[in-house]
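Novice: One structure follows; several queries about it will come next.
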């Protein structure tokens with residue numbers, strides 16, 4: 001059980017301001033069948049038959065597989081680990097209709113289990129099939145290997161890395177200044193020989209990162 005809230009840190013004239021805005025006073029509860037990879041992966045095990053899964057969707061059941069996937073994805077986005085939502089895995093013990101598996105992948109769910117051609121399970125109305133397949137084609141997120149493409153995790157910058165990014169010494173002509181401090185003079189000499197900011201930028205280029213003020 002977790003209480004949902006937003007915490008915002010602002011830096012104003014050298015002072016850190018903390019704003020805590022509660023989005024809800026209710027306790028959010030979400031049960032996960034298996035928590036794997038030290039919390040980086042949430043696994044749901046579905047024992048329902050492939051036909052039952054298909055019929056739940058066709059009849060508009062409020063607990064159809066897509067509604068469950070939406071719940072898992074939303075909860076994972078709310079309660080991230082190290083700024084990354086857990087990977088959502090649906091394992092179908094008794095199989096899953098192939099078209100529905102493709103739809104789940106397009107939503108961002110990893111699908112495990114035998115995929116059964118949906119037309120061998122039941123006759124699906126054309127408008128349902130068009131809606132199912134068009135969503136998958138429009139998203140274009142299902143790779144050839146059948147798994148959701150992984151995104152690199154965010155980079156959490158520590159205080160030393162932040163100083164490298166913002167220090168005058170690491171910017172152009174910053175090492176030309178004559179420092180009174182012996183320690184700073186030595187650091188400037190090291191910076192001239194081996195620029196730290198250039199190395200750091202090459203490591204974080206193309207990534208998004210967080211700067212934590214605690």
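Numbering (UniProt numbering), first residue to last: 1 to 214.
Positions of the beta carbon are idealized from the N, C-alpha and C atoms, including for glycine.
Output the distance between the C-alpha atoms of residue 70 and residue 192, rounded to the nearest integer angstrom.
Specialist: Taking the first residue of the chain shown as 1, we reach residue 70 at position 70. Taking the first residue of the chain shown as 1, we reach residue 192 at position 192. Going by the C-alpha atoms only, they are around 52 Å apart.
Novice: With respect to the beta strand (DSSP E) encompassing residue 94, which residues constitute its N-terminal and C-terminal limits?
Specialist: Here the question's residue 94 lines up with position 94 in the chain shown. Premise fails: residue 94 is in no beta strand (DSSP E) and is neither H nor E.
Novice: By how many angstroms is the C-alpha of residue 86 removed from the C-alpha of residue 194?
Specialist: Here the question's residue 194 lines up with position 194 in the chain shown. Here the question's residue 86 lines up with position 86 in the chain shown. C-alpha separation (whole angstroms): 38 Å.
Novice: My output table needs one value for residue 87: the three-state DSSP class, helix, strand or coil.
Specialist: Counting from one through the chain shown, the residue named residue 87 turns up at place 87. Correct three-state label for residue 87: strand.
Novice: In the DSSP assignment, find the alpha helix (DSSP H) that holds residue 57 and state where it starts and stops.
Specialist: In the chain shown, the residue the question calls residue 57 occupies position 57. It spans 50-58 - the alpha helix (DSSP H) in which residue 57 sits, taken as one unbroken run.
Novice: I need the DSSP call for residue 109, collapsed to helix, strand or coil.
Specialist: As a first step, residue 109 must be located in the chain shown, where it is residue number 109. Of the three classes helix, strand and coil, the one that applies to residue 109 here is coil, per DSSP.
Novice: Find the nearest neighbour of residue 204 within the set 183, 101, 164, judged by alpha-carbon distance.
Specialist: Locating residue 204 in the chain shown gives position 204, where the first residue counts as 1. Of the listed residues, the one whose Cα sits closest to residue 204 is 164.
Novice: Suppose you measure from the CA of residue 91 to the CA of residue 132; what does that come to, to the nearest Å?
Specialist: On the chain shown, position 91 is the one that residue 91 refers to. On the chain shown, position 132 is the one that residue 132 refers to. Answer to the nearest angstrom: the Cα atoms are 20 Å apart.
Novice: Counting pairs of beta carbons, one from the segment 26-41 and one from the segment 56-69, are three or more of them closer than 8 Å?
Specialist: Touching, no.
Novice: Within 8 Å, do at least three Cβ pairs link the segment 76-86 to the segment 94-106?
Specialist: Judged by Cβ distances under 8 Å, the segment 94-106 makes no contact with the segment 76-86, as fewer than three pairs qualify.
Novice: What do you get for residue 54, buried or exposed, if any count of 16 or more other CB atoms within 10 angstroms of its CB means buried?
Specialist: Mapped onto the chain shown, residue 54 falls at position 54. So residue 54 counts as buried.
Novice: Would residue 121 and residue 50 qualify as a contact pair, given that the criterion is a beta-carbon distance under 7 Å?
Specialist: As a first step, residue 121 is located in the chain shown; it is residue number 121 there, counting from the start. As a first step, residue 50 is located in the chain shown; it is residue number 50 there, counting from the start. In this structure, residue 50 lies closer than 7 Å to residue 121 by Cβ.
Novice: Classify residue 34 as buried or exposed, calling it buried when 16 or more other Cβ atoms lie within 10 Å of its own Cβ.
Specialist: For this step, residue 34 is matched to residue 34 along the chain shown. Classification of residue 34: exposed, given that the 10 Å Cβ count is below 16.
Novice: Sorted by chain position, which residues of the same chain lie with C-beta nearer than 8 Å to residue 95's C-beta, five sequence neighbours on each side aside?
Specialist: Position 95 of the chain shown, counted from the first residue, corresponds to residue 95. Counting only Cβ-Cβ distances below 8 Å, and skipping sequence neighbours, we find 49, 50, 113, 114, 115, 116.
Novice: For residue 187 and residue 169, which I take to be in contact (beta-carbon distance under 8 Å), what is that distance rounded to the nearest angstrom?
Specialist: In the chain shown, residue 187 corresponds to position 187, counting from 1. In the chain shown, residue 169 corresponds to position 169, counting from 1. At roughly 7 Å, the Cβ-Cβ gap stays under 8 Å, so residue 187 and residue 169 are in contact.
Novice: Going by alpha carbons, who is nearest to residue 201 out of 161, 190, 177?
Specialist: If you number the chain shown from 1, residue 201 lands on position 201. If we check each option's Cα against that of residue 201, 161 comes out closest.
Novice: Are the beta-carbon atoms of residue 43 and residue 36 separated by less than 7 Å?
Specialist: Translated into the one-based positions of the chain shown, residue 43 becomes position 43. Translated into the one-based positions of the chain shown, residue 36 becomes position 36. Yes.
Novice: Return the first residue and the last residue of the beta strand (DSSP E) that residue 35 is part of.
Specialist: Counted from its first residue, the chain shown places residue 35 at position 35. Residue 35 -> beta strand (DSSP E) spans 34-36.
Novice: To the nearest angstrom, report how far apart residue 183 and residue 89 are at their CA atoms.
Specialist: Here residue 183 corresponds to residue number 183 of the chain shown, with the count starting at 1. Here residue 89 corresponds to residue number 89 of the chain shown, with the count starting at 1. Cα to Cα, the separation comes out at about 52 Å.
Novice: Would you report the Cα separation of residue 57 and residue 105, rounded to the nearest angstrom?
Specialist: Taking the chain shown and counting its residues from 1, the one referred to as residue 57 is at position 57. Taking the chain shown and counting its residues from 1, the one referred to as residue 105 is at position 105. The straight-line gap from Cα to Cα measures roughly 16 Å.
Novice: With a threshold of 16 other CB atoms inside 10 Å of the CB of residue 199, please say whether the residue is buried or exposed.
Specialist: Counting from 1 along the chain shown, the entry for residue 199 is found at position 199. Looking at its Cβ environment, which holds fewer than 16 other Cβ atoms inside 10 Å, residue 199 is exposed.
Novice: Please classify residue 190 as buried or exposed, where buried requires at least 16 other C-beta atoms within 10 Å of its C-beta.
Specialist: Your numbering for residue 190 matches position 190 in the chain shown. Exposed, since its Cβ has fewer than 16 Cβ neighbours within 10 Å.
Novice: Tell me which same chain residues have a C-beta within less than 7 Å of the C-beta of residue 196, skipping the five on either side of it?
Specialist: In the chain shown, residue 196 corresponds to position 196, counting from 1. Excluding positions up to five away in sequence, the list reads 164, 170.
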